[in-house]
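Trainee: Submitted below is the structure of interest, expressed as structure tokens.
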Amino acid sequence: MTIIEQAELERQQRYIGQIGQCMEAYRSETGFSRRYWIHTYGCQLNENDGEKLAGLLGEMGYLEAAGLREADLIILNTCSVREHADDRLFGNLGRLKNLRQEKPDLVIAVCGCMMKQPEHVARISRSFSFVDLVFGPQDIYRLPELLYLRLLDEKKQYLVGDEDTLVEGLPIHRARRFRALCSIMYGCNNFCTYCIVPYTRGRERSRQPGDILRELRELALSGYREVMLLGQNVNSYGQDFEETGGDIRDFSDLLEAAARENFYRIRFMTSHPKDISEKLLKVMAANPVIEPHLHLPLQSGSNRVLGQMNRQYTREQYLATVTRARQLIPNLAFSTDIIVGFPGETEEDFADTLDIMRQVRFASAFTFLYSKRTGTPAAEMPNPVDPAVMHERFDRLTALQDAHSLAYNRQSLGQTVEILVEGASAKQDQVFSGRTGQNQLVNFTVADPALLPAEARSPDGRIDGSRLEGGLARVRVTDAKTFSLFGVLEAYRP
Ligand code: SAH
Ligand code: SF4
Ligand code: F3S
């Protein structure tokens, strides 16, 4: 692991200064600012990386573009996990080719997890040679240098580092105002046999507790009400620390310290079932600011498949964790990830997955069709599941999960739930939305605008949803669907 030293950050800072001067000259000459557009695929860790790229560009004097067509710099921040991620990336790149022809000084960059897979970089060099910059998830801090070199002599810059880096102090431009993302660790050591992440994100490395707590303090002071602590496996936070003299040695300690900061809510993702400790559950139970929600990826309910996946737990251990967690935290909601059609999965294995779902009754689930990732052990495994069988199982799985999600949501009917408001609903005018501590999406209307602070109301009676972001609302639930609740506002606290 390489800790990026201050001297390197200062070197990057000089590039930021030089680009900043060019941007300033361009602005005074033309009256316009250069603009960037970042499209992030994949998980919240990648989203948090996108926010750091935006932070660096902001320091260089770039502004965010309102859309792709307005941008002078386009960055595609890729993911290697999600289904057909590669098709989507290359499809989008194909469309960018035309844009580049219309706008020759447009700069196009591709970064993120896919760039750690050499076959994708080779394809970009071969078929999408108009891409100007390529870099990996570990090289984000070098964006100023790469961009400067590209702008200076118009040469393409492809750099995907091999080292696992840890960088502190990058500027950040946060995408949301109600929830801040905070990556507490990077990488993964688990090597589940289907998963590419350990190869794209490298080995686990934990940020120092002092650096994380400083970031949390700043977030709370700047008005963030909710923070989400992120890592591929947050339960193994701190296992890479050499010194264990400090007060914060593991994730439970960190979570407990975070709970003392002034937030309404703290969430975290993702927990590996093999590493859930009694200590963690007790910290959750003792601190109501930590949401009663556990995302606990199951992947499969069959012990045989779990073994082949190298998940390192059995279905019995998974169920025991769920039971113990429910004893300690009675209102706890479970969500999960499940893969259908892992090589060799039989109808019997799949029945075991449905069975465990019926026992746990997850509030929600992300369901995936197994897809092969070159370089992972599962890619070499025999007996692939026939695609038609895989799809048929997938349909049965989602039907069962939908029934469970609906039943779970219906328990809230007629009750008043507390939600953290995320703003106006994207779909309906004068409907607002937020989430419960159990991570249920709640849409609501406001029958009595007097419940809201004056600055959220305009004279014609309309409500500005953006003014409600980050507030706590009490909503009486009048309707429950599979993926959301609907209700009426009863009380609001900014
Ligand atoms: N670190 C997290 C998950 C990261 S990837 C964890 O361990 O839980 C998010 C999800 O993508 C995984 O939980 C898994 O369900 C799914 N996934 C990963 N690789 C996959 C593959 N090759 N095919 C199908 N689904 C996959
Ligand atoms: Fe992938 Fe497994 Fe690591 Fe999650 S724990 S990122 S599924 S290797
Ligand atoms: Fe995707 Fe990389 Fe996240 S592969 S899920 S963006 S860690």
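Quick note on numbering: the sequence shown equals residues 962 to 1455 in my numbering.
Just so it is clear, CB atoms sit at the ideal spot from N, CA and C, and this is done for glycine as well.
Is the beta carbon of Y1119 sitting closer than 9 angstroms to the one on S1167?
Mentor: Your numbering for residue 1119 matches position 158 in the sequence shown. Your numbering for residue 1167 matches position 206 in the sequence shown. Contact: no.
Trainee: Using alpha carbons as the reference points, say which of S1445, F1393 and M962 lies closest to D1201.
Mentor: As a working mapping, residue 1201 is identified with position 240 in the sequence shown. With distances taken between Cα atoms, D1201 lies closest to M962.
Trainee: Does the beta-carbon of I964 have 16 or more other beta-carbons within 10 angstroms, so that it is buried, or is it exposed?
Mentor: Your numbering for residue 964 matches position 3 in the sequence shown. Classification for I964: exposed.
Trainee: May I have a chain-ordered list of the alpha helix (DSSP H) segments no shorter than 4 residues that lie completely inside the segment 1027-1097?
Mentor: Counting only runs of 4 or more, we get 1046-1063 and 1079-1088.
Trainee: Less than 9 angstroms between the beta carbons of R1418 and A1434, yes or no?
Mentor: Here residue 1418 is taken as the residue at index 457 of the sequence shown, counted from 1. Here residue 1434 is taken as the residue at index 473 of the sequence shown, counted from 1. Cβ distance not < 9 angstroms, so R1418 and A1434 don't count as in contact.
Trainee: Is the closest heavy atom of the ligand SF4 to the C-beta of H1352 under 8 angstroms?
Mentor: Within the sequence shown, the letter at position 391 stands for residue 1352. For the ligand SF4, not one heavy atom lies less than 8 angstroms from the Cβ of H1352.
Trainee: Count the other C-beta atoms from every protein chain shown that fall within 10 angstroms of the C-beta of N1223, then say buried if there are 16 or more, exposed otherwise.
Mentor: Position 262 of the sequence shown, counted from the first residue, corresponds to residue 1223. When all chains shown are included, N1223 counts as exposed.
Trainee: Any heavy atom of the ligand SAH closer than 8 angstroms to the Cβ of R1334?
Mentor: Locating residue 1334 in the sequence shown gives position 373, counting from the first residue. Indeed, a heavy atom of the ligand SAH lies less than 8 angstroms from the Cβ.
Trainee: Whole angstroms is fine: what's the gap from L1042's alpha carbon to Y1155's?
Mentor: The sequence position of residue 1042 within the sequence shown is 81, counting from 1. The sequence position of residue 1155 within the sequence shown is 194, counting from 1. Checking the sequence shown, residue 1042 turns out to be Val, not Leu. When rounded, the distance between both Cα atoms is 10 angstroms.
Trainee: Look at the alpha carbon of G1448 and the alpha carbon of A1141, and state the distance between them as a whole number of angstroms.
Mentor: Translated into the one-based positions of the sequence shown, residue 1448 becomes position 487. Translated into the one-based positions of the sequence shown, residue 1141 becomes position 180. Answer to the nearest angstrom: the Cα atoms are 26 angstroms apart.
Trainee: Specify whether the segment 1066-1079 and the segment 1028-1036 touch according to this definition: at least 3 beta carbon pairs, one from each stretch, less than 8 angstroms apart.
Mentor: With the cut-off at 8 angstroms, the segment 1066-1079 and the segment 1028-1036 touch.
Trainee: From this set, L1050, S1238 and H1254, which residue's C-alpha is nearest I1227's C-alpha?
Mentor: Within the sequence shown, residue 1227 is the residue found at index 266, counting from 1. If we check each option's Cα against that of I1227, H1254 comes out closest.
Trainee: Quick check: is any heavy atom of the ligand SF4 less than 8 angstroms from the C-beta of H1233?
Mentor: The sequence position of residue 1233 within the sequence shown is 272, counting from 1. Answer for H1233: yes, Cβ within range of the ligand SF4.
Trainee: Just to check my reading of the structure: L1361 and L1412 have Cβ atoms closer than 8 angstroms, yes? What is that Cβ distance to the nearest angstrom?
Mentor: Along the sequence shown, one-based indexing puts residue 1361 at 400. Along the sequence shown, one-based indexing puts residue 1412 at 451. That belief does not hold up - the Cβ atoms of L1361 and L1412 are roughly 39 angstroms apart, past 8 angstroms.
Trainee: Distance check for N1370 and L1293, CA to CA, integer angstroms please.
Mentor: Within the sequence shown, residue 1293 is the residue found at index 332, counting from 1. Within the sequence shown, residue 1370 is the residue found at index 409, counting from 1. Rounded to the nearest angstrom, the two C-alpha atoms are 13 angstroms apart.
Trainee: Hey, C1149 and N1271: beta-carbon distance below 9 angstroms or not?
Mentor: In the sequence shown, the residue the question calls residue 1149 occupies position 188. In the sequence shown, the residue the question calls residue 1271 occupies position 310. Result no, Cβ atoms of C1149 and N1271 do not sit closer than 9 angstroms.
Trainee: Let's test the definition: count the other Cβ atoms within 10 Å of the Cβ of S1144 and tell me whether it reaches 16, buried, or not, exposed.
Mentor: Mapped onto the sequence shown, residue 1144 falls at position 183. So S1144 counts as buried.
Trainee: If you draw a straight line from the C-alpha of L1111 to the C-alpha of M1189, how long is it?
Mentor: For the purposes of this step, residue 1111 is identified with residue 150 of the sequence shown, where counting begins at 1. For the purposes of this step, residue 1189 is identified with residue 228 of the sequence shown, where counting begins at 1. Position check: residue 1111 holds Arg in this sequence, whereas Leu was assumed. Whole-angstrom Cα-Cα distance: 35 angstroms.
Trainee: Hey, is the segment 1009-1026 in contact with the segment 1157-1171, meaning 3+ C-beta pairs nearer than 8 angstroms?
Mentor: They do not touch, by the three-pair rule.
Trainee: Relative to the alpha-carbon of A1312, which residue among G1097, T1282, A1015 and N1264 has its alpha-carbon at the smallest distance?
Mentor: On the sequence shown, position 351 is the one that residue 1312 refers to. Per the Cα distances, N1264.
Trainee: Who's in the neighbourhood of the ligand SF4, going by beta-carbon under 6 angstroms from any heavy atom, listed in chain order?
Mentor: Counting every residue whose Cβ lies closer than 6 angstroms to a heavy atom of the ligand SF4, we get C1149, N1151, F1152, C1153, C1156, V1158, P1159, Q1193, N1194 and H1233.
Trainee: Fully enclosed by the segment 1412-1441, which beta strand (DSSP E) runs are 3 residues long or longer?
Mentor: Qualifying beta strand (DSSP E) stretches, in chain order: 1433-1441.
Trainee: Mind listing, in chain order, the continuous alpha helix (DSSP H) runs of no fewer than 4 residues lying wholly within the segment 1334-1390?
Mentor: Complete alpha helix (DSSP H) runs here, min 4: 1348-1371.
Trainee: With a cut-off of 8 angstroms, do at least 3 Cβ pairs link the segment 1046-1055 to the segment 1122-1139?
Mentor: No: the two stretches stay apart, fewer than three of their Cβ pairs being nearer than 8 angstroms.
Trainee: So R1140 is in the beta strand (DSSP E); what residue range does that whole segment cover?
Mentor: Locating residue 1140 in the sequence shown gives position 179, counting from the first residue. First-last of the beta strand (DSSP E) with R1140: R1140 to S1144.
Trainee: Closer than 8 angstroms: is that where the CB of Y1331 sits relative to any heavy atom of the ligand SAH?
Mentor: Reading the sequence shown from its first residue, position 370 is the one you call residue 1331. Indeed, a heavy atom of the ligand SAH lies less than 8 angstroms from the Cβ.
Trainee: Which residues bound the alpha helix (DSSP H) around A1181?
Mentor: Reading the sequence shown from its first residue, position 220 is the one you call residue 1181. Run containing A1181: P1170 to L1182, per the alpha helix (DSSP H) assignment.
Trainee: Given 8 angstroms as the limit, is there contact between the segment 1415-1430 and the segment 1387-1399, that is, 3 or more CB pairs closer than that?
Mentor: Touching, yes.
Trainee: CB of P1098 to nearest heavy atom of the ligand F3S: below 8 angstroms?
Mentor: If you number the sequence shown from 1, residue 1098 lands on position 137. Flag set: Cβ of P1098 near the ligand F3S.
Trainee: Under the rule that 16 or more other beta-carbon atoms within 10 Å means buried, what is F1229, buried or exposed?
Mentor: The residue given as residue 1229 occupies position 268 in the sequence shown. Buried, since its Cβ has 16 or more Cβ neighbours within 10 Å.
Trainee: Just to check, is the beta-carbon of T1039 closer than 8 angstroms to a non-hydrogen atom of the ligand F3S?
Mentor: In the sequence shown, counting from the first residue as 1, residue 1039 sits at position 78. Checking the Cβ of T1039 against the ligand F3S gives yes.
Trainee: Can you tell me which of T1443, G1432 and R1162 puts its alpha carbon nearest to the alpha carbon of D1367?
Mentor: Here residue 1367 is taken as the residue at index 406 of the sequence shown, counted from 1. According to the sequence shown, residue 1367 is Leu rather than Asp. L1367 has its Cα closest to that of T1443, out of T1443, G1432 and R1162.
Trainee: Measure how close the beta-carbons of Q1169 and T1126 come, nearest whole angstrom, since I'm counting them as under 8 angstroms.
Mentor: One-based indexing of the sequence shown puts residue 1169 at position 208. One-based indexing of the sequence shown puts residue 1126 at position 165. The pair is not a contact, with the Cβ atoms about 15 angstroms apart (cut-off 8 angstroms).
Trainee: First and last residue of the alpha helix (DSSP H) that includes M1245?
Mentor: In the sequence shown, counting from the first residue as 1, residue 1245 sits at position 284. Taken as a continuous stretch (DSSP letters only), the alpha helix (DSSP H) holding M1245 covers E1239 to A1247.
Trainee: Identify whether E1222 lies in helix, strand or coil by the three-state DSSP scheme.
Mentor: Here residue 1222 corresponds to residue number 261 of the sequence shown, with the count starting at 1. Here E1222 sits in coil by DSSP.
Trainee: Helix, strand or coil: how does DSSP classify F1329 here?
Mentor: Along the sequence shown, read from residue 1 onward, the residue named residue 1329 stands at position 368. Three-state result, F1329: strand.
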